[in-house]
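Asker: Quick one: structure below, then a few questions.
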DNA sequence: ATGGTCGCCATGCGA
């Protein structure tokens with residue numbers, strides 16, 4: 226059973242690429258971030274024709290997340306219940322599996338812009354609220370994953386040039402501590418459960434030919450709970466869609482349970 | 001040194 230996350234940076238522009246990717250990669254669940262669409266404009270019919278049920282939390286212009294699932298999902302929660310926020314960054318749902326229900330928390334974490342900025346403080350506050358939410362959800366659903374664009378590179382090996390990014394946004398110590406606080410709940414970075422190529426990244430800036438130079442960061446993650454860990458048989462980053470015409474700046478990450 | 005690219009109800013802003 227495969228789960229994927231992909232920041233597609235506008236579902237309107239990227240829909241053909243999402244459909245093409247799903248045809249080649251018929252995952253069971255696909256979590257999307259940065260829809261940049263209101264819910265009314267989410268192309269649920271085209272996605273249904275492709276074999277997926279869609280639930281979304283959209284907003285105009287910015288943010289927006291969706292869960293696509295081959296099986297119908299239930300107990301959908303939008304946003305973080307303890308953190309009043311007009312920005313639509315989280316959608317949570319339960320999907321059936323051979324091992325019982327699995328809780329899927331799809332997150333588009335704040336970027337933070339610059340260390341020390343108002344947006345940076347918002348990012349750290351937001352992570353604290355996410356942690357609170359995940360802790361509460363784990364009580365009901367021990368089989369749980371948190372996947373999405375975390376906008377944090379966990380370690381130096383997740384950055385093409387660690388010295389250049391030292392204590393910069395996406396790499397600062399407080400951001401890494403906020404991510405570590407999620408791991409401390411009993412979550413695991415599924416990517417690092419397996420041997421991986423060196424210099425594996427999931428995001429490359431559109432500027433400066435960053436993809437061609439592999440000047441990227443690994444900021445998109447699939448975190449799995451203790452209960453799911455024994456079933457995890459793989460996690461890969463699929464760089465292929467980043468080579469497309471008009472690509473998203475992020476690559477999908479696929480995690481497999483077996 | 002500065003800005004370099006995308007996508008957004010459109011024009012500066014967020015990433």
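Residue numbers (the working numbering): 226 to 483. Heads up, the beta-carbon is just placed ideally off N, CA and C, and yes, glycines get one too.
Assuming residue 259 contacts residue 289 under a Cβ cut-off of 8 Å, what Cβ separation, rounded to an integer in Å, is found between them?
Answerer: Taking the first residue of the first chain as 1, we reach residue 259 at position 34. Taking the first residue of the first chain as 1, we reach residue 289 at position 64. Rounded, the Cβ-Cβ distance is 7 Å, consistent with contact.
Asker: Give me the Cα-Cα distance between residue 282 and residue 303, rounded to the nearest whole angstrom.
Answerer: For the purposes of this step, residue 282 is taken as residue 57 along the first chain, with counting starting at 1. For the purposes of this step, residue 303 is taken as residue 78 along the first chain, with counting starting at 1. Spanning the two alpha carbons is a distance of roughly 6 Å.
Asker: Determine the contact status of residue 316 and residue 370, defining contact as a CB-CB distance below 7 Å.
Answerer: Position 91 of the first chain, counting from 1, holds the residue named residue 316. Position 145 of the first chain, counting from 1, holds the residue named residue 370. It is not a contact, given that the beta carbons lie outside the stated cut-off.
Asker: Enumerated in chain order, which unbroken segments of the beta strand (DSSP E) with a length of 3 residues or greater are wholly contained in the segment 426-475?
Answerer: DSSP runs (the beta strand (DSSP E)) wholly in the segment 426-475: 445-450 and 457-462.
Asker: In angstroms, rounded to a whole number, what distance separates the CA positions of residue 268 and residue 286?
Answerer: The residue given as residue 268 occupies position 43 in the first chain. The residue given as residue 286 occupies position 61 in the first chain. Residue 268 and residue 286: Cα-Cα distance of roughly 16 Å.
Asker: Am I right that residue 426 and residue 439 are in contact with their C-beta atoms under 8 Å? What's the rounded C-beta distance?
Answerer: Along the first chain, read from residue 1 onward, the residue named residue 426 stands at position 201. Along the first chain, read from residue 1 onward, the residue named residue 439 stands at position 214. Confirmed, Cβ separation roughly 7 Å.
Asker: Given this structure, state the Cα-to-Cα distance separating residue 409 from residue 295, to the nearest angstrom.
Answerer: To locate residue 409, count along the first chain from 1; it is residue 184. To locate residue 295, count along the first chain from 1; it is residue 70. Residue 409 and residue 295: Cα-Cα distance of roughly 31 Å.
Asker: Considering only residues of the same chain and omitting the five flanking positions on each side of residue 237, which have a CB-CB separation below 8 Å?
Answerer: For the purposes of this step, residue 237 is taken as the residue at position 12 of the first chain. 261, 262 and 266, listed in sequence order.
Asker: What residue range does the beta strand (DSSP E) around residue 343 cover?
Answerer: Here residue 343 refers to the residue found at position 118 when the first chain is read from its first residue. Run containing residue 343: none in the beta strand (DSSP E); it sits in the alpha helix (DSSP H), 343-365.
Asker: Got a sec, what are the start and stop residues for the alpha helix (DSSP H) residue 273 sits in?
Answerer: Numbered from its first residue, the first chain carries residue 273 at position 48. Unbroken alpha helix (DSSP H) run through residue 273: 269-274.
Asker: Give a yes or no on whether the C-beta atoms belonging to residue 333 and residue 373 are separated by under 7 Å.
Answerer: By one-based count along the first chain, residue 333 stands at place 108. By one-based count along the first chain, residue 373 stands at place 148. Yes. Within cutoff.
Asker: Hey, residue 280 and residue 318: beta-carbon distance below 7 Å or not?
Answerer: Here residue 280 refers to the residue found at position 55 of the first chain. Here residue 318 refers to the residue found at position 93 of the first chain. Yes. Within cutoff.
Asker: For residue 276, which residues of its own chain have a beta-carbon under 7 Å away from its beta-carbon, when the five flanking residues on both sides are left out?
Answerer: What you label residue 276 is simply residue 51 of the first chain in a count that begins at 1. Here the set comprises 295.
Asker: Which residues in the same chain as residue 232 place their Cβ atom closer than 8 Å to its Cβ, once the five residues preceding and following it in sequence are excluded?
Answerer: For this step, residue 232 is matched to residue 7 along the first chain. Hits under 8 Å: 257, 258, 259, 333, 373, 374, 428, 445, 473, 474 and 475.
Asker: Checking the sheet assignment: what are the DSSP bridge partners for residue 278?
Answerer: For the purposes of this step, residue 278 is taken as residue 53 along the first chain, with counting starting at 1. The partner list for residue 278 (beta bridge, DSSP) reads 294.
Asker: Helix, strand or coil: which one does DSSP assign to residue 303?
Answerer: Position 78 of the first chain, counted from the start, is the residue given in the question as residue 303. It is a strand residue.
Asker: Near residue 228, which residues of its chain fall below 6 Å by C-beta distance, leaving aside the five closest residues on each side in sequence?
Answerer: Counted from its first residue, the first chain places residue 228 at position 3. Contacts found: 254 and 480.
Asker: Let's test the definition: count the other Cβ atoms within 10 Å of the Cβ of residue 252 and tell me whether it reaches 16, buried, or not, exposed.
Answerer: Within the first chain, numbered from 1, the residue matching residue 252 stands at position 27. By the 10 Å Cβ count, residue 252 comes out buried.
Asker: Cutting at 6 Å between CB atoms, please list the residues of its own chain near residue 344, excluding the five before and the five after it.
Answerer: Here residue 344 refers to the residue found at position 119 of the first chain. Only 337 and 338 meet the Cβ criterion.
Asker: For the beta strand (DSSP E) containing residue 245, list its first residue and its last residue.
Answerer: The sequence position of residue 245 within the first chain is 20, counting from 1. Here residue 245 belongs to no beta strand (DSSP E); instead the alpha helix (DSSP H) covers 236-249.
Asker: Do you know how far the Cα of residue 464 is from the Cα of residue 478?
Answerer: Translated into the one-based positions of the first chain, residue 478 becomes position 253. Translated into the one-based positions of the first chain, residue 464 becomes position 239. C-alpha separation (whole angstroms): 9 Å.
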